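In my numbering, the protein residues as written are 288 to 412. For glycine and all other residues, C-beta sits at the position ideal for the given N, C-alpha and C. On a predicted model such as this, the values are computed, not experimentally measured, just so you know. Here's the structure we're looking at; comments come further down.
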């Protein structure tokens, strides 16, 4: 009986050490994710402050499509931000509505032979 209690206590101690070992990595990942979301919000808020209807439409589309951006999507958004700041009319071609109307993959001209979902046309480049 005493040995069983020692084994259980050892198991609990090892489990606690294993759990604590990954907490720093998880905390760093959560912090990194929060920083990406904050950076995205700052960029989109700056774009919406331009007071242009199509730029605001793009920002809204982007927020809906990518609420938690990956590093690649955040990098793409930074590139888009520069393009829009250089030329506001560039935002038109990056909206979801424009892609749904003009992209052969989104408007149904080109269809996948086998697909488990409908084609999604997110905003962006």
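Here the stretch 317 to 327 makes contact with the stretch 356 to 367; the two share three or more CB pairs at distances below 8 Å. In this structure, residue 345 sits near residue 381, with a CB-CB distance shorter than 8 Å. Measuring C-alpha to C-alpha distances from residue 368 to each of 410, 320, 290 and 385 identifies 410 as the nearest. In the three-state scheme derived from DSSP, where H, G and I count as helix and E and B as strand, residue 382 is classed as coil. Between residue 331 and the set 297, 321 and 342, the nearest pair of CA atoms involves 342. The beta carbon of residue 340 sits closer than 7 Å to no other beta carbon from its chain once the five residues preceding and following it are set aside. For residue 345, the enclosing alpha helix (DSSP H) has its first and last residue at 340 to 352. By the Cβ neighbour-count rule, residue 297 is exposed, with fewer than 16 other Cβ atoms within 10 Å of its own.
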